[in-house]
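K.L.:
Position one of the sequence shown corresponds to residue 445 (this note's numbering), numbered consecutively onward. Provided herewith is a single structure, encoded as structure tokens, for subsequent inquiry.
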Amino acid sequence: MNRVGLYWLLQILGWGCFAFVNIFFASLSQGITPVQLWAFVVLAAFYLLSTHAFRHLVKRYGWFRFGIFRLLFQTILALQILAVVNVLAQILINLAFGTLKPEDDFRFLVISVNLFVSFLYYAFWFLLYFLFHFLDNYNSGLRYEAKINEIRLNHLKSQLNPHFIFNALNSVRALVDEDPEKAKSAITKISNMLRFSLMMDKKQVIDFADEMATVKDYLALESIRFEERLEVVYLIEEESYSYKIPPMMLQTIVENAIKHGISNLVKGGLIEIKCREGLENELYIQVKNSGFLNSNAKKSKREGGGHGLENTRQRLKLLYGEEASFRIFNSGSQFVITEIKIPKQRVTLEYQTQQL
445 MNRVGLYWLL QILGWGCFAF VNIFFASLSQ GITPVQLWAF VVLAAFYLLS THAFRHLVKR
505 YGWFRFGIFR LLFQTILALQ ILAVVNVLAQ ILINLAFGTL KPEDDFRFLV ISVNLFVSFL
565 YYAFWFLLYF LFHFLDNYNS GLRYEAKINE IRLNHLKSQL NPHFIFNALN SVRALVDEDP
625 EKAKSAITKI SNMLRFSLMM DKKQVIDFAD EMATVKDYLA LESIRFEERL EVVYLIEEES
685 YSYKIPPMML QTIVENAIKH GISNLVKGGL IEIKCREGLE NELYIQVKNS GFLNSNAKKS
745 KREGGGHGLE NTRQRLKLLY GEEASFRIFN SGSQFVITEI KIPKQRVTLE YQTQQL
């Protein structure tokens, strides 16, 4: 149901209940005639039409964009005018249906009470309408924010594929003349990895096992190029496979370790991938590589240089908010450690979609 349909449904149900309650209590106290019954129905219809006219006024002149004091002043003034008009309408309705009792209905106390009660009814209606408007805008804001985050996330993901392809092709280029058979094997692995990256392109998160399969293919490809210069160690706890992680996240970190660590060392070095479950249902991923991270490189990455690690940091922020963490640091003078913490709960964008 759209917003307009919902509005009219609530209007009819609300003022219909108003008429029913008045008719019910009137019939209990002194009985009610068909004429009085229709008088109550017409009064409820007047409330419906007058509140709808008030809503039109509020929307046309953008009252909810006013400051709080101006909004409060204009609302109270409008409610008082509506109460006066309503009391006049009650007199005309009673006159039309022949139920008007001048000796009672025109007494100061009766008119004052009717004015006060009408003011309360209109004030209660406006409060509900204001809450409805606020919640609707809040949900619209959530939908907008979720959509913007989704666009940003897709943009970040789209940056990874070219980055990954160029690195992989550079690895193969070195093998074409040196060892054609290894180059063919490497091309087959690249084909498998590209197929995987295309299949995972529209997913927020994937199974940890699928990501690890791609990482192993990538490291097998790099092992062809580096030969004995690259040592790979896997320390993966079984519980890690129950988690889901963003696609190509771990693979991007490993690429970074190869490009900025192993490739710069004459004798090559070590890539160690360690994954374990924390005490509060979070997955800790550590990628340890030979090399050293100097302060200028850290500063460059914090300022957004390159797509690799900064891309990963932004994706984690968009998906998990403050529940995820990312850091990269030196371990002694020979190793660099990149560490990520990921919660087991569903990602933020999926959660927002469920709420909307």
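Just so you know, even glycine gets a beta-carbon here, dropped at the ideal spot from N, CA and C. It should be emphasised that the depicted structure is a prediction, and the values quoted were computed from it without experimental measurement.
Whose C-beta lies closer than 7 Å to the C-beta of residue 756 among residues of the same chain, with five residues either side of it excluded?
P.N.:
So the qualifying residues of the chain are 693, 696, 697, 770.
K.L.:
On the three-state DSSP scale, how would you describe residue 722?
P.N.:
Coil at residue 722, not helix or strand.
K.L.:
In chain order, which alpha helix (DSSP H) runs of at least 4 residues are fully inside the region 683-734?
P.N.:
Segments of the alpha helix (DSSP H) lying fully in the region 683-734: 693-704.
K.L.:
Under DSSP, the beta strand (DSSP E) around residue 677 begins and ends at which residues?
P.N.:
From DSSP, the beta strand (DSSP E) with residue 677 extends over 674-680.
K.L.:
In whole angstroms, give me the CA-to-CA distance for residue 767 and residue 724.
P.N.:
When rounded, the distance between both Cα atoms is 11 Å.
K.L.:
Are the CB atoms of residue 537 and residue 549 nearer to each other than 8 Å?
P.N.:
Result no, Cβ atoms of residue 537 and residue 549 do not sit closer than 8 Å.
K.L.:
Bridge partners of residue 783, per DSSP?
P.N.:
Residue 783 is bridged to 730, 771.
K.L.:
DSSP three-state call for residue 549: helix, strand or coil?
P.N.:
Three-state result, residue 549: helix.
K.L.:
Quick one: Cα of residue 459 to Cα of residue 542, how far?
P.N.:
The straight-line gap from Cα to Cα measures roughly 23 Å.
K.L.:
If we count the other Cβ atoms within 10 Å of its Cβ and call it buried at 16 or more, is residue 496 buried or exposed?
P.N.:
Per the 10 Å Cβ criterion, exposed.
K.L.:
Apply the 10 Å Cβ neighbour rule to residue 604 and answer buried if 16 or more other Cβ atoms are within range, or exposed otherwise.
P.N.:
Per-residue confidence for residue 604 stands at a pLDDT of 48, beneath the threshold of 50, marking its modelled position as unreliable; the derived number appears in the next sentence. Per the 10 Å Cβ criterion, buried.
K.L.:
Looking at C-beta atoms only, is the number of pairs between the region 516-527 and the region 558-578 that lie closer than 8 Å three or more?
P.N.:
Counting Cβ pairs under 8 Å, three or more are found: they touch.
K.L.:
Residue 720: which of 465, 636, 734, 681 sits nearest, CA to CA?
P.N.:
Nearest of 465, 636, 734, 681 to residue 720, Cα basis: 681.
K.L.:
Do you know how far the Cα of residue 512 is from the Cα of residue 475?
P.N.:
In a straight line, the C-alpha of residue 475 is about 46 Å away from that of residue 512.
K.L.:
Below 8 Å CB to CB, which residues in the same chain sit around residue 667 once its five sequence neighbours on both sides are set aside?
P.N.:
So the list reads 674, 676, once near-sequence residues are dropped.
K.L.:
Name the DSSP bridge partner or partners of residue 390?
P.N.:
Shown here, the chain extends from 445 to 800; a query on residue 390 therefore has no answer.
K.L.:
In the region 509-547, which residue ranges form an unbroken alpha helix (DSSP H) of at least 4 residues, counting only runs that do not cross its ends?
P.N.:
Here the runs fully enclosed are 512-541.
K.L.:
With 16 other CB atoms within 10 Å as the buried threshold, where does residue 778 fall?
P.N.:
Exposed, because fewer than 16 other Cβ atoms sit within 10 Å of the Cβ of residue 778.
K.L.:
Does the separation of the CB atoms of residue 736 and residue 687 fall below 8 Å?
P.N.:
Cβ distance not < 8 Å, so residue 736 and residue 687 don't count as in contact.
K.L.:
When the Cα atoms are used, what is the spatial distance from residue 707 to residue 701?
P.N.:
One C-alpha to the other measures close to 9 Å.
K.L.:
What is the DSSP secondary structure of residue 670, reduced to helix, strand or coil?
P.N.:
In this structure, residue 670 counts as helix in the three-state DSSP scheme.
K.L.:
Just to confirm the assignment, what range does the alpha helix (DSSP H) spanning residue 484 have?
P.N.:
478-504 is the extent of the alpha helix (DSSP H) around residue 484.
K.L.:
With DSSP run on the structure shown, which of helix, strand or coil describes residue 738?
P.N.:
In the structure shown, residue 738 sits in coil (DSSP, three-state: anything other than H, G, I, E or B).
K.L.:
Across the region 461-468 and the region 485-495, are there enough close Cβ pairs to call them in contact, namely three or more that are closer than 8 Å?
P.N.:
These segments touch.
K.L.:
Buried or exposed: where does residue 530 fall if 16 or more other Cβ atoms within 10 Å of its Cβ makes it buried?
P.N.:
Label assigned to residue 530: buried.
K.L.:
State the Cα-Cα distance for the pair residue 786 and residue 679, rounded to the nearest angstrom.
P.N.:
Answer to the nearest angstrom: the Cα atoms are 17 Å apart.
K.L.:
Would residue 547 be called buried (16 or more neighbouring beta carbons within 10 Å of its own) or exposed?
P.N.:
Answer is exposed; the Cβ neighbour count stays below 16.
K.L.:
Using three-state DSSP, classify residue 660 as helix, strand or coil.
P.N.:
Reduced to three states, the DSSP call for residue 660 is helix.
K.L.:
Please classify residue 669 as buried or exposed, where buried requires at least 16 neighbouring CB atoms within 10 angstroms.
P.N.:
Buried, because 16 or more other Cβ atoms sit within 10 Å of the Cβ of residue 669.
K.L.:
Leaving aside the five residues before and after residue 558 along the sequence, list all residues of the same chain whose C-beta is less than 6 Å from its C-beta, in chain order.
P.N.:
Excluding positions up to five away in sequence, the list reads 531.
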